[in-house]
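Here is the structure we will look at.
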Amino acid sequence: GVYHGCTARVLLSDFSTVEHLNLTNTDSNLRGFRGGFTDGTYGYFVPFGPWEVGSINGYVARILLSDFSTVEVLNLADTHSSLIGFRTGFTDSQFAYFSTYTDGYSFTGFVARVNLSDFSTVEYLNLANTDSSLQGFIGGFTDGTYGYFVPYHNNEGPSGYVARIL
Numbered sequence: 004g005v006y007h008g009c010t011a012r013v014l015l016s017d018f019s020t021v022e023h024l025n026l027t028n029t030d031s032n033l034r035g036f037r038g039g040f041t042d043g044t045y046g047y048f049v050p051f052g053p054w055e056v057g058s059i060n061g062y063v064a065r066i067l068l069s070d071f072s073t074v075e076v077l078n079l080a081d082t083h084s085s086l087i088g089f090r091t092g093f094t095d096s097q098f099a100y101f102s103t104y105t106d107g108y109s110f111t112g113f114v115a116r117v118n119l120s121d122f123s124t125v126e127y128l129n130l131a132n133t134d135s136s137l138q139g140f141i142g143g144f145t146d147g148t149y150g151y152f153v154p155y156h157n158n159e160g161p162s163g164y165v166a167r168i169l
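For the sequence shown, the numbering used here assigns the number 4 to the initial residue and increments by one for each residue that follows.
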């Protein structure tokens, strides 16, 4: 019942060596993640936050994989208050992409793009401005040219609307 910020890393060569990192030791908002991905140098944790209205957040954690202790924090909601409640993220090696699921009240359609070279430049796009059905994404990926966002639910019900961005 308590959302935490603990993560573990398992050494694949012996599949028994385990390292532990508590992200809340860096920032108490780093908890309740719903996904993650890597660019080969860093591990990224997709922000969601506790499932409580008003607690869903946009805090991304970035961990340096070579030492599994260097943690950087970026609050996407500092760029736009609707950049919270994410369920998916992925990278194209230059940018990290995060798509929103819900703000705790309704499904949303925001995509945030973070420049990985500085981990501070954030751009965003509201896909629901293109089509109001483009909300509530739970997956995403790139084919090297486009970014795709996998639908789950929008404010009208279950959704089959896939979004593709260049």
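Note that beta-carbon positions come from the ideal geometry of N, C-alpha and C, so glycine has one too.
From the DSSP output, in three-state form, read off residue i for me.
i	result
ASN78	strand
ASN129	strand
PHE67	This sequence places Leu at residue 67; Phe is not what is there. Three-state DSSP puts LEU67 in a strand.
LEU24	strand
ARG12	strand
THR91	strand
HIS156	strand
PRO50	coil
THR105	strand
Quick one: what's got a C-beta closer than 7 Å to residue i's C-beta in the same chain, skipping five residues either side?
i	result
SER141	Note on identity: in this sequence residue 141 is Ile, with Ser being the wrong assignment. Once the five neighbours on either side are set aside, the close Cβ partners of ILE141 are ARG90, THR91, TYR104, VAL153, TYR155.
Sort the options by Cα distance to residue i and report the nearest one.
i	options	result
ALA115	TYR108, ASP30, ASP121, ALA99	ALA99
GLY39	LEU24, ALA64, ILE59	ALA64
ASN78	TYR45, PRO53, ASN32	ASN32
THR111	LEU24, ASP134, LEU26	ASP134
ASP2	GLY88, SER96, GLU22	This structure gives no information on residue 2, because the portion of the chain shown stretches from 4 to 169.
Identify the continuous beta strand (DSSP E) that holds residue i and give its terminal residues.
i	result
VAL114	113-118
THR41	38-41
Would you call residue i buried or exposed, if buried means 16 or more other Cβ atoms sit within 10 Å of its Cβ?
i	result
ARG167	exposed
Within the same chain, show all residues whose beta-carbon is closer than 6 Å to that of residue i, passing over the 5 residues directly before and after it, in chain order.
i	result
GLU126	ARG116
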